[in-house]
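For the sequence shown, the working numbering gives the first residue as 511, with consecutive numbering after it. Glycine is no exception: its CB is placed at the ideal position from the N, C-alpha and C atoms. Just so it is clear, the structure is predicted and the values come from calculations on it, not from any experiment.
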Amino acid sequence: MSEWSFTLLVDQPLTPEQADVFDHCDAFADGSVSYTLGPENPEDYPHRPDPDKLRELSCDIEAPTLLDAVAQVARDIRLIPGLRAVGVRYGDTVTLAEAAQRCGPELFEPARRHGFPEPEASSGGTEFYSWREIAAWLTRAGHVVPEEPRDLLIADRALRLADALEGTDVPPGTLCSLGLPRIRCSGC
511 MSEWSFTLLV
521 DQPLTPEQAD
531 VFDHCDAFAD
541 GSVSYTLGPE
551 NPEDYPHRPD
561 PDKLRELSCD
571 IEAPTLLDAV
581 AQVARDIRLI
591 PGLRAVGVRY
601 GDTVTLAEAA
611 QRCGPELFEP
621 ARRHGFPEPE
631 ASSGGTEFYS
641 WREIAAWLTR
651 AGHVVPEEPR
661 DLLIADRALR
671 LADALEGTDV
681 PPGTLCSLGL
691 PRIRCSGC
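The structure is reproduced here in structure tokens:
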């Protein structure tokens, strides 16, 4: 199994009550998902946290695929009352292992040759690179590198659609006509 690193977007910043449930939830006990909790009275501070950053969960999940990893966290986050996943994204900063996941080891292993992008930072012996620079270098070397992995694109669009459909009454026939399969999920 691979470890997948991504950012899950949730519909709202965690409240202190939700953070307490999160902290005591067995699904998150391994520390593979983390959040940032804003202060109770942000107006009391000269530097307020970015509200968008408070809606992000940092995830490092072991799963067979990226899509499985996102689905696992999106399912588990519903254990927190009033919270749901609404999107997912990758950051630009990657380790070499994460870059290899994104483009496939068969492209990545021979790629570390002359002209390969230099690390942008390092911490504790780990070097961090820009994914955009690596993807551009691979493209110049003649490889086809998608901007976003297909699993990430599917997960993000599915979560955004589920969010748009939340609380609406769209007939199943309409969804089917739009090309959406009728799916029954026992966990929903």
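- Around the beta carbon of residue 631, fewer than 16 other beta carbons lie within 10 angstroms, which makes this residue exposed.
- At a Cβ-Cβ threshold of 9 angstroms, residue 641 and residue 609 count as neighbours.
- Assigned with DSSP and collapsed to three states, residue 580 falls in helix.
- Annotated three-state conformation of residue 519 is strand, per DSSP.
- Taking 9 angstroms as the cut-off, the beta carbon of residue 512 is found closer than this to the beta carbon of residue 573.
- Around the CB of residue 662, 16 or more other CB atoms lie within 10 Å, so the residue is classed as buried.
- Collapsing the DSSP output to three states places residue 680 in coil.
- Here DSSP, grouped into helix, strand and coil, assigns residue 564 to helix.
- If you draw a 10 Å sphere on the C-beta of residue 544, you find fewer than 16 other C-beta atoms in it, and that means exposed.
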